[in-house]
Amino acid sequence: MNLHVEARNVVKRFGPTTALNGAEIAIAEGETHALVGRNGAGKSTLVSILTGLQRPDEGEVRFSGEAAPALADRDAWRQRVACVYQKSTIIPALTVAENLFLNRQSAGGTINWRALRARAREVLDTYEVDVDAQALAGDLSVEQRQLVEIARALSFGTRFIILDEPTARLDGPAIERLFTRMRSLREQGVTMMYISHHLDEVYEICQSVTVFRDARHIVTRPVADLPHDELVAAMTGEATQAYESRSRTPRDAVVLSGAGLTLAGRYANIDISVKSGEVVGLAGSASSGKVGLAETLVGLRKADRGTVTVNGTRVRPGDVPAAMRAGLGFVPEDRHHEGFVPMLSVGENATFPIARKLGRYGLVFPARRRTKAEEMIKNLDIKTEGADQPVSDLSGGNAQKVVFARALVDDPTVLVVINPTAGVDVKAKQALLGAVEDAVGRGAGAVVVSDELDDLRICDRVLVMFHGRVVKDVPRGWTDHELVAVMEGIEE
Amino acid sequence: MRLARFRDLTLVPVIVILLVVGAFLDPTFLTPGNLTNVLQQQAAISLLVLAEAMILIAGKFDLSLESTVGTAPAIAVMLVIPVAAGGFGIGLPGALVIPFALLIGAAIGAFNGFLIIRFQLSAFIVTLAMLIIVHGFLQGPTEGKTLFELPESILYLGSALWLGLPAAIWIAGVLFAAGIFGLGYLRLGRSLYAIGGNTDAARAAGIRVDRVLYGVFIMGGTLAALAGILETGRLGAIGNNQGVGWIFMVFAAAVIGGVSMDGGKGTILGALTGVLVIGLVQNILTLIGVSGFWQPVIYGGIILVALMISRIAGGKAQD
Amino acid sequence: MRLARFRDLTLVPVIVILLVVGAFLDPTFLTPGNLTNVLQQQAAISLLVLAEAMILIAGKFDLSLESTVGTAPAIAVMLVIPVAAGGFGIGLPGALVIPFALLIGAAIGAFNGFLIIRFQLSAFIVTLAMLIIVHGFLQGPTEGKTLFELPESILYLGSALWLGLPAAIWIAGVLFAAGIFGLGYLRLGRSLYAIGGNTDAARAAGIRVDRVLYGVFIMGGTLAALAGILETGRLGAIGNNQGVGWIFMVFAAAVIGGVSMDGGKGTILGALTGVLVIGLVQNILTLIGVSGFWQPVIYGGIILVALMISRIAGGKAQD
Amino acid sequence: SGTTTTEGGSGGGKIGIDHPRADSDFWNSYIKYVPQMAGELKVDLMPATNSQNDVAKLVNNVQALTGQGAKVIVMAPQDTGAIANTLTQLENKKIPVVTVDTRPDKGKVYMVVRADNRAYGTKACEFLGEKLGGKGKVVQLQGALSSINGRDRSEAFLECMKSKFPGVTVFSEPTEWEGSKAASMLQTRLEQNPDIKGIYMHAGGVHLAPTLQVLKQKGLLVPPSDDKHVFVISNDGIPQEFEAIRKGDIDATVSQPADLYAKYALFYAKAAAEGKTFQAGPTDHDSTIIQLPNGLEDQLPAPLVTKENVDDKALWGNQVK
Ligand SMILES: Nc1ncnc2c1ncn2[C@@H]1O[C@H](COP(=O)(O)OP(=O)(O)OP(=O)(O)O)[C@@H](O)[C@H]1O
Ligand SMILES: Nc1ncnc2c1ncn2[C@@H]1O[C@H](COP(=O)(O)OP(=O)(O)OP(=O)(O)O)[C@@H](O)[C@H]1O
Ligand SMILES: O[C@H]1[C@H](O)[C@H](O)OC[C@H]1O
Ligand SMILES: [Mg+2]
Ligand SMILES: [Mg+2]
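Right, dumping it as structure tokens:
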């Protein structure tokens, strides 16, 4: 067996944090190799080292037995490895076509824009990405951008591809299409490293798996030899049960309702109501309008028509503070965009909505903020040096938990969470879903917007949307394929 | 926060070096009289730095502050003094001149805010145009004349002594203390960081972004007007060039003091150290009497060195 | 791309309105002679706009360009002319004065780049300090005096006529065409957008970010020196204020022309329309003889209006 | 002698005028005198342009004025070198030029109307030198070093001090014509040298008020009889300086004749339009025309104003309303 990629004894520190501590990985030629681990285990750090973006403090990287090129020699790196990074590398002000061919728009001479567009369309068609090559990347939805990134990485023709949580923002059909592409690349002998918190995906698409925990290598094994619970145990360092969603009876009080909501191009004529003690799911595949609807409910968007009532108060459209004052907490779709202020601390980000309660006369007492923040850090198990660390230093999943903390900190009567577990590890996912259920247990009503069936399992009922309309109200007890069928519009 | 607080103080070694070098170069330098002079000379401009630091932290920009320094007190004075002295001849009571000036400053700030927030125009260019326009509103009505005959009330703050120190120093000191406290410990102050760091996230966290930004611009204009009042008192007249050319120094002070041009970063304490560095450098250059011709080179060079020290001590790339 | 290209032209209606209004207000305005004058008058500053547009698109900032306009040709001239005429008395051959000037411009750009890229200092403040320092390198050696005994070679470009049009217009025209082409159709040019739009992504895509940025700063300094050469030829001497105060107009032109202060957005064609708007406004105000006292108000007001039009036509919030 | 020779009757024609700046008291007075004098002299004056202290703008303005048919140009180039090409172009177009306040280094001028700025510096030096008895310390608040007027005043002051009053120490402060800088520098210098006894201000318009504020704060604003008195001589001759002289706050100023600048600028412009010519020699208005390599210069009188003559009605500063 030839090793295609190898990292040995890699150490990487960021100030006081050790992101990788003698970590290693060895990936055989032609295999699809999973890298899993809890949030903050060091996976993305390894990716940046394997793609030559960062220099390890110690250790070495080898490609096909040869030492890695010098950091400055970007071309050499790009010949060896293509990557979908966890953080977006899309440039919003440029077109999709140019993003796809960034820095390779032409062989050398003048750029032929017409030809470039044609090539871009070809790539987009090949990977079944339904976007206009001429659109500005900044105008795409989060998932469309992700698809463009994936198409770009796969289209390079390199023999080694890294995908760092590519599916965290994709819905079922898009994931299936990605896997089809990956299988055919594998048939062509391409080596891949695949990072995901969806462990079933690991079993579906990968041959071997490496587990990192606390910045160290724990185990590498063919997936067939590592059953699910052993894998989870390797990640968490302890035996972990699968999440059991709780059952409950909703009360009578309606805490959130939308009536006659219409937003041109997104959704039309939606009526929705959520009771105290009830979790309502919103599902639907791409462009179903579920996110747009949820954003309207929380005040991030103004509907063209219709009203939103939070906890008995009719909220002015598009007024987030008013909705929050009425008792709403929410997790937005894109954490980088609306979720946190990167330069501010974990504590401050987590406590913004309750700043008025952390002191009097407009004051915020830092000590009280810290106490509250430490409580949230503990409850949600956020991996951080402490309440004072800036969120920009956290790993993706831990940043998501900070956003969650912000939503929960004010003990909301209404909780709206959009893709709540995007990029969150198995154990953390349980903690976050548990936190939603806890809040509901205390009498809140919740809306969970997600394509992930695991998230939807905690819902008392799931509203399935299709092309901007609610097509079905599915009560608890659905099977995976029933729900998926409704979402795809196969079954009415 | 702890680290951040340390980062505020990266210019402290520079200040210490300047104090030592200054003392070495000129015996007058370390005398209480001279140091008081430095503070008094910097009092007015420091209020602009305070204003600009808040505006920068909130992720915006205001170049027009420098024009408000002359125009706000001048228009206020013209509302009060007789035509013969260059006034409008409206003859409003002299006691109102300070409130008027502050109101005019606030109105200019509000108008800036209106254009930038409401119409989503580039803050840099709006306030650049406003810098020109507001200065025109000094030059136009005065027809280029200096206003010499000022009501006593507007001269008082810039020239009085309180407890043996110029009132301007007390005023600047109190306002800086309020700024340090407000941006450190008030919900409203902290929201500037959130807005400057990520506006969408701030909005999603329930902060009334537009309202806060309006407030910041209005506060900026008001502080600039107050700076103008102090400067008027110090100079005893309002010339057509009052405040002109200050804005570059204001930015230099804020940025070497650690305030980021990209928003969301920096502190008022840091900005204050920036003002002090600039004031001390100017004072030392005057004391040792560097040739006027080469003064810019030395002056600019010292800004660069301060910038490097603040970069090295701060540890992070600047933007 | 199609939409973007359309957005470049948001100022075209403004230009049309200015042409109509100008023709209406003054019969001289639409004469070929007057329009040629406008172009010639804008030629030098337009090169700064070209330079600044590229620097802004790459996400950086250069204020020092305005100082290079005076200093680069002045130092080059002083290397050539005798002491009696204000030179250093080195007496290098007069033919070398243009290459020298361009080299000095390039060196200033390289030094800016060095501080900003190598030391990761704030571009705004580095180039602000450099604005002061570079100007000092004009004022210091000349001791404030104007250089007016210039070698013929440096006067030629700014004063010659080619095919009946001032050479400066041809030069600016060709360089703008090169800029439009380079930033539209060359990989290197496109990489400026990538760097300005998302530096990390650009680096990940294999763009040699540092090298490109150095190139941009050096190009900027060189263009500023060339602007200085043209201006020297137009004026026939190098005064201590050559270029001073231009930078604000340069930014105004670039931004109303659609170039973003935040990097990654805008085009050279758009910047060109910005220059033309500013040139036409100045020309019309001169022709109709607006009172000098109120000129700033009208002038600033027109910038604001142009900004609004470019905002409304462009459809996107500005930054 | 400075008499006029008329060549072939009255030609006449439009006169274009550019003002150098709109933000200084001296120039502001000049700008006000221009239309008044134009009326008196019956000059066909075009709307004035203003070059806001920027020679590049001045060049543009002149192009516009000639484009609109100006037959004579009046200007006040604050940068005396960078106007050379424009003067050559105007000469080629046979458009005579009258410059006010400054003397271009190169390029043909019909007449320069100015007072001798070097003489201001010398007068100030002599005044202070005598008052101080040839010893002690003085400060000069300079204008902008890049302006010819500032440099002339500064150099002449220093040269005169060196040759006539070597016992006097001079501190030169470059204020860029800014009151704020002047106040700070003067304050610092007085702190360092409390024994400073004389101040020369290059421009009363910007330097007067700040200087008085600083002196007041230091308790130095006392009558000449008092030992602590600091002798102050200003420049420009605006009404406020006269007021200060009357009050004894300052001791003297050089009256730079804003009215005569306007009057004779237009007088010579009209003469040029009519094709008249002049020669070097004394004039009928108390001045002398001198020959320059590139034209003529009428050196208008710039009287020293002290307590003795401050109420003289002929001084322009006493005529402004
Ligand atoms: N630029 C940085 N500065 C400081 N700390 C960092 C930086 N990048 C990563 N870290 C820290 O390094 C550790 C590993 O982060 P990394 O992003 O590699 O985790 P990950 O395994 O990819 O997690 P996730 O599954 O959440 O994406 C984390 O504790 C993180 O806070
Ligand atoms: N900012 C935007 N501007 C224009 N169109 C948008 C924007 N955001 C989303 N859209 C488009 O509007 C449609 C509905 O979007 P929405 O996000 O509400 O659907 P969704 O159910 O979340 O779809 P998905 O499951 O793909 O996220 C989609 O076609 C989406 O691409
Ligand atoms: O040239 C100067 C003028 O003579 C007067 O003193 O005001 C300042 C300067 O404009
Ligand atoms: Mg990661
Ligand atoms: Mg979506």
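If you're matching them up, the sequences are chains A, B, C and D in order.
This note's numbering puts the first sequence at residues 1 to 492.
This note's numbering puts the second sequence at residues 1001 to 1319.
This note's numbering puts the third sequence at residues 2001 to 2319.
This note's numbering puts the fourth sequence at residues 3001 to 3321.
From the three backbone atoms N, C-alpha and C, an ideal C-beta is built for every residue, glycine too.
Near ligand 1: residue i beta-carbon under 7 Å from a heavy atom
{"i": "A:S196", "result": "no"}
{"i": "A:N349", "result": "no"}
{"i": "C:T2232", "result": "no"}
Nearest residue (CA-CA) to residue i, options the options
{"i": "D:K3340", "options": "D:I3250, D:Q3063, D:V3168, D:T3080", "result": "Here chain D has residues from 3001 to 3321 only, and residue 3340 of chain D is not among them."}
{"i": "C:L2188", "options": "C:A2168, C:A2252, C:V2216", "result": "C:V2216"}
{"i": "B:V1174", "options": "B:S1122, B:V1080, B:L1223, B:G1292", "result": "B:L1223"}
{"i": "A:E452", "options": "A:V464, A:A444, A:I354, A:H217", "result": "A:V464"}
{"i": "B:I1195", "options": "B:L1186, B:V1209, B:Y1185, B:L1183", "result": "B:V1209"}
{"i": "B:R1234", "options": "B:Y1156, B:F1293, B:G1179, B:P1082", "result": "B:Y1156"}
{"i": "C:F2061", "options": "C:G2243, C:V2277, C:A2051", "result": "C:A2051"}
Endpoints, the beta strand (DSSP E) within which residue i is located
{"i": "A:E60", "result": "58-63"}
{"i": "A:C83", "result": "82-84"}
{"i": "D:D3236", "result": "3231-3236"}
{"i": "D:P3174", "result": "3168-3174"}
{"i": "D:G3295", "result": "3295-3299"}
{"i": "A:F14", "result": "3-14"}
Beta-carbon proximity list for residue i, same chain, < 6 Å, skipping 5 on both sides
{"i": "A:Q79", "result": "none"}
{"i": "D:R3189", "result": "V3139, F3171"}
Same chain, Cβ closer than 8 Å to residue i, neighbours up to 5 away in sequence not counted
{"i": "B:G1033", "result": "none"}
{"i": "C:G2086", "result": "M2078, T2142, K2145, L2147, E2149"}
{"i": "B:A1110", "result": "Y1214, F1217, I1218, G1221"}
{"i": "C:Q2295", "result": "L2285"}
{"i": "A:D225", "result": "none"}
Cut-off 7 Å between Cβ atoms - residues of its own chain near residue i, not counting five sequence neighbours on either side
{"i": "B:I1288", "result": "L1025, D1026"}
{"i": "A:P475", "result": "R461"}
Pairwise C-alpha distance: residue j and residue i
{"i": "A:Y361", "j": "B:F1181", "result": "13 Å"}
{"i": "D:G3237", "j": "D:G3205", "result": "9 Å"}
{"i": "B:V1126", "j": "C:L2307", "result": "8 Å"}
{"i": "A:R469", "j": "A:A34", "result": "38 Å"}
{"i": "C:L2030", "j": "C:L2018", "result": "11 Å"}
{"i": "C:G2264", "j": "A:L100", "result": "17 Å"}
{"i": "C:G2197", "j": "A:E122", "result": "25 Å"}
{"i": "A:V497", "j": "B:R1211", "result": "Because residue 497 of chain A is not part of the residues shown, which for chain A are 1 to 492, the question remains open."}
{"i": "D:C3160", "j": "D:K3137", "result": "15 Å"}
Range covered by the alpha helix (DSSP H) that runs through residue i
{"i": "B:M1078", "result": "1065-1078"}
heavy atom of ligand 4 below 7 Å from residue i C-beta
{"i": "A:D438", "result": "no"}
{"i": "B:D1062", "result": "no"}
{"i": "A:S164", "result": "Residue identity differs from the one stated: residue 164 of chain A is Asp in this sequence, not Ser. The answer is yes for A:D164."}
{"i": "A:Q86", "result": "yes"}
Within chain G, partners of residue i - CB distance below 9 Å
{"i": "D:Q3256", "result": "The structure shown contains no chain G; its protein chains are A, B, C and D."}
Practice item. Closer than 5 Å is what we want: which residues have a beta carbon that near any heavy atom of ligand 7? List them in chain order. Key: Summarising the ligand content, the structure contains ligand 1, ligand 2, ligand 3, ligand 4 and ligand 5 and does not contain ligand 7.
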